[in-house]
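Scroll down for the structure; my scribbles are underneath it.
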Amino acid sequence: MPISDEPGDMEAGHRLAAKVLPSGLNFIDGEWVDGSATGILIDPSTGGELATFALAHEADVDAAVAAAREAFPKWRSVSPDARRTVLVRLAAGLRAEADTFATILALEGGQPTAFARAGVMKAADYFEYYAGWVDKLTGLVHPTYPGTGFDYSVPQPFGVVAAIPSWNGPITGIGRKVAPALAAGNCVVLKSSETVPFSALHFAAICSEVGVPSGVVNCITGGAQSGSYLASHPGVDKITFTGGSRTGRAVMTSAASELTPVTLELGGKSANVVFADADLDAVGAIAGINATVRNSGQGCLLPSRLLIEDSVYDEVVERVLDSLADVRIGDPLNASTTMGPVVNEASCTRILSMIDAAKDSSATLLIGGERLEGDYRSGYFIPPTVFGDVDPASALAQEEVFGPVLAVSRFHGEDEAIAMANSTRYSLAGYVFTRDFHRAHRVAEQMDAGYVSVNGVNPMAPTAPFGGFGESGFGKEGGLEGLTEFVKTKNIYMAMQFSVPPLDGGSPTRAN
Ligand code: NAD
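Under this note's numbering, think of the first position of the sequence shown as 7, with each following residue one higher.
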């Protein structure tokens, strides 16, 4: 079982730390303004009230969209070097505030501070990376009918981008969405999840400090009601959304009313396929930790299914369980903690009910499976939980738990491994461990996933495109593709001389 930290007087410590939380207002047109309503955020570590925050309603969304619309003509015409400077300053602001962000993310989301801090640095990487693209986003010249004219295309910003991130990586989500949107010349309405409102507001404070022009970034905090209203808003030109697949459908439905284009980064149930010839030490060191400890298993691309070749099944399972023995679960503000609580009561209840259903199935509970009691009982602490011999067709193997639960199944041979890996509705990420170079390529090629890691875990550099297929969404974040999500291509034709297009459908020719 994981070792628990001494909780001490967690509640008192959190009350003190909560002084860093921003006021809970909305940030619209460069001003801090009262929201139409307020919500109360519960601390996932203690179950106690943490702070109040603005709960955006329609009037707040209208004001934020209007501010972004007004700022857009000016922002799109800012010179590339000046726009690049703004993004570089935002990156520096994020880095300078990394410790404060880490405290906020520990309080509102239960993320251990070291993990949270790394996410802030990653967000800064995205701002720096996309700052570099500002003056390199160019168009194309197209060959056309000889002698008729000059044909070219240019990328243009959409206008107002609605950015709706999920709660589990709120600051990295801002890096992946807001940085490329701004780099391409768009203005942004950032609607933070009601589950983690304060980190987004702290980002808004940095925008204000580093001189992002008023209205270019607006931040409102709210839930489904404001998200749905924003997604259907006629003043929004592009939506970038991260969240569950069901919500993704709702966003797409809302967007359909105005035919607003969407990028959807949705759920996952990623398979980690381990062949008998793999480096089993490496597998043992990361397979269980990555699936259950990292952000308490609340990550879209985490390898929540472990598929092990039959001949090494017992050996791998033993190593995975060993790796979980040293996990320090406890107060996320404590520097030695490696695993915090799950994000809120609703998540805790959902995860525990999925665990209970798995206990009633043919799967074998190998570790965990009960909410922490004693000093931790008022927080939402669920330890790493591993089920063995999970039926690949069962709910635990097919549905996203989004919590610290790993489903382990066995396979015989490569064909079965691929079939099993591809058997869910999701197609987000995949992992393969083998020393056979040819097989690594074969399996990676056949995995139905937008993102495959072989013999390790991709560090998700901002340079690379990330995004899933099917139930996991469409569109990319990161890399050049993550930037072109925020531009529309305009084709322009300049005639060299006036000519009348032939009426017989034939090709135009030089008019002489
Ligand atoms: P969620 O779908 O509940 O909420 C996501 C966001 O949408 C929140 O800001 C929420 O307030 C808002 N929202 C809720 N209902 C809405 C509606 N009807 N219209 C518009 N907006 C609405 O998801 P969550 O619980 O915040 O995040 C967990 C999910 O996100 C998981 O399924 C996870 O796999 C997924 N996720 C995907 C990626 C990815 O890149 N593919 C990354 C992180 C998380």
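Using N, Cα and C, we set each Cβ at its ideal position, and we do this for glycine too. The structure presented is a predicted model; accordingly, all values stated were derived computationally and were not measured.
How many Å lie between Gly-145 and Thr-266 at the Cα?
Those two C-alpha atoms are separated by around 23 Å.
What are the boundary residues of the alpha helix (DSSP H) that includes Val-167? For Val-167, there is no enclosing alpha helix (DSSP H); the enclosing beta strand (DSSP E) covers residues 166 to 170.
### Task
For Ile-314, I'd like the list of residues in its chain whose CB is within less than 8 Å of its CB, leaving aside the five on either flank, ordered along the chain.
Hits under 8 Å: Val-280, Val-322, Val-323, Val-414, Ser-415, Arg-416 and Phe-417.
Residue from Gly-511, Gln-162 and Thr-178 with nearest C-alpha to Cys-193
Taking only the C-alpha atoms, the option nearest Cys-193 is Gln-162.
- Whose C-alpha, out of Ala-98, Tyr-135, Ile-110 and Ser-159, is nearest the C-alpha of Tyr-499? Nearest C-alpha to Tyr-499: Ser-159.
With 16 as the cutoff for other CB atoms within 10 Å, does Gly-254 come out buried or exposed? Flag for Gly-254 reads buried.
**Request:** Assign Pro-347 to one of two classes, buried (16 or more other C-beta atoms within 10 Å of its C-beta) or exposed (fewer than that).
**Result:** Its Cβ being crowded by 16 or more others within 10 Å, Pro-347 is buried.
Discussion item. Considering only heavy atoms of the ligand NAD, does any lie closer than 6 Å to the CB of Gly-230?
Written reply: First, the residue type needs correcting, since residue 230 is Ala and not Gly in the sequence shown. Yes, Cβ of Ala-230 sits closer than 6 Å to a heavy atom of the ligand NAD.
Using only the alpha-carbon positions, how far apart do Gly-4 and Arg-182 sit?
The structure shown does not extend to residue 4, since the chain is modelled only from 7 to 518, so the question has no answer here.
Quiz item: Excluding five sequence neighbours on each side, which residues of the same chain lie with their C-beta closer than 6 Å to the C-beta of Ser-367?
Solution: Counting only Cβ-Cβ distances below 6 Å, and skipping sequence neighbours, we find Ser-400.
(request) Report yes if the C-beta of Phe-204 is less than 6 Å from at least one heavy atom of the ligand NAD; otherwise report no. (result) No, the Cβ of Phe-204 stays beyond 6 Å of every heavy atom of the ligand NAD.
Using alpha carbons as the reference points, say which of Thr-58, Pro-152, Lys-25 and Pro-79 lies closest to Asp-40. Asp-40 has its Cα closest to that of Thr-58, out of Thr-58, Pro-152, Lys-25 and Pro-79.
Could you tell me whether any non-hydrogen atom of the ligand NAD is closer than 6 Å to the CB of Asn-174?
For the ligand NAD, at least one heavy atom lies less than 6 Å from the Cβ of Asn-174.
inquiry  = Quick check on DSSP: helix, strand or coil for Ile-388?
reply    = Assignment of Ile-388 by DSSP, reduced to helix, strand and coil, places it in the coil class.
| query | Any chance the CB of Ser-234 is under 6 Å from a heavy atom of the ligand NAD? | reply | Flag set: Cβ of Ser-234 near the ligand NAD.
For Trp-81, three-class secondary structure by DSSP:
It is helical.
| message | On the criterion of 16 or more Cβ atoms from any shown chain inside 10 Å, does Met-360 qualify as buried, or is it exposed? | response | Burial state of Met-360 is buried, judged by a 10 Å Cβ sphere holding 16 or more other Cβ atoms.
Practice prompt. Please report how far the alpha carbon of Thr-246 lies from the alpha carbon of Ser-478, in whole angstroms.
Written response: So the alpha carbons of these two residues sit roughly 14 Å apart.
query: Is the Cβ-Cβ distance between Gly-228 and Leu-61 less than 7 Å?
result: Yes; because the gap between Cβ atoms is below 7 Å, this pair is in contact.
Check whether the segment 207 to 219 touches the segment 93 to 105, counting contact only when three or more Cβ pairs, one atom from each stretch, lie closer than 8 Å. Contact between the segment 207 to 219 and the segment 93 to 105 is present, because at least three Cβ pairs lie under 8 Å.
- the segment 106 to 117 / the segment 434 to 454 touching (three or more Cβ pairs under 8 Å): With the cut-off at 8 Å, the segment 106 to 117 and the segment 434 to 454 do not touch.
Which same chain residues end up closer than 6 Å to Asp-35 when comparing Cβ atoms and leaving out the 5 residues on each side of it in sequence? Cβ contact annotation for Asp-35 (same chain, cutoff 6 Å, sequence separation greater than five): Ala-73, Ser-220 and Gly-221, in chain order.
In terms of residues, what are the limits of the alpha helix (DSSP H) holding Tyr-319?
-> Going by DSSP, Tyr-319 is part of the alpha helix (DSSP H) stretching over 319 to 329.
Worksheet entry | DSSP-derived helix/strand/coil call for His-239 | For His-239, the three-state secondary structure derived from DSSP is coil.
Worksheet item: Since Glu-422 is in the alpha helix (DSSP H), which residue starts that stretch and which ends it?
Response: 419 to 427 is the span of the alpha helix (DSSP H), which, as asked, contains Glu-422.
**Candidates Ala-501, Tyr-136 and Asp-157: closest to Thr-495 by CA position** = Nearest option by C-alpha distance: Asp-157.
For Asn-32 versus Ile-292, is the C-beta distance shorter than 7 Å? No. Outside cutoff.
Under 7 Å Cβ to Cβ from Trp-139, same chain only, skipping five residues before and after it: list those, please. So the list reads Ala-189 and Leu-489, once near-sequence residues are dropped.
Beta-carbon proximity list for Glu-379, same chain, < 7 Å, skipping 5 on both sides = Within the same chain, Glu-379 has no close Cβ partners at all.
In whole angstroms, give me the CA-to-CA distance for Gly-153 and Pro-471. If I take the Cα positions, the gap works out to 39 Å.
* **Residue closest to Thr-370, alpha-carbon to alpha-carbon, out of Leu-358, Asp-397, Ile-357 and His-20** => It is Asp-397.
heavy atom of the ligand NAD below 6 Å from Ser-199 C-beta: Taken from the Cβ of Ser-199, at least one heavy atom of the ligand NAD lies inside 6 Å.
Three-state class that DSSP yields for Ala-517 in the structure shown = Because the pLDDT at Ala-517 is just 47, under 50, the model does not fix this residue reliably, and the point stays unresolved.
For this session: Could you please give the first and the last residue of the uninterrupted alpha helix (DSSP H) stretch that includes Tyr-136?
Result: From DSSP, the alpha helix (DSSP H) with Tyr-136 extends over 119 to 137.
In this structure, does DSSP put Leu-312 in helix, strand or coil? DSSP, reduced to helix, strand and coil, places Leu-312 within a strand of the structure shown.
Out of curiosity, what's the CA-to-CA distance linking Gly-290 and Phe-121?
The alpha-carbon atoms of Gly-290 and Phe-121 are separated by roughly 21 Å.
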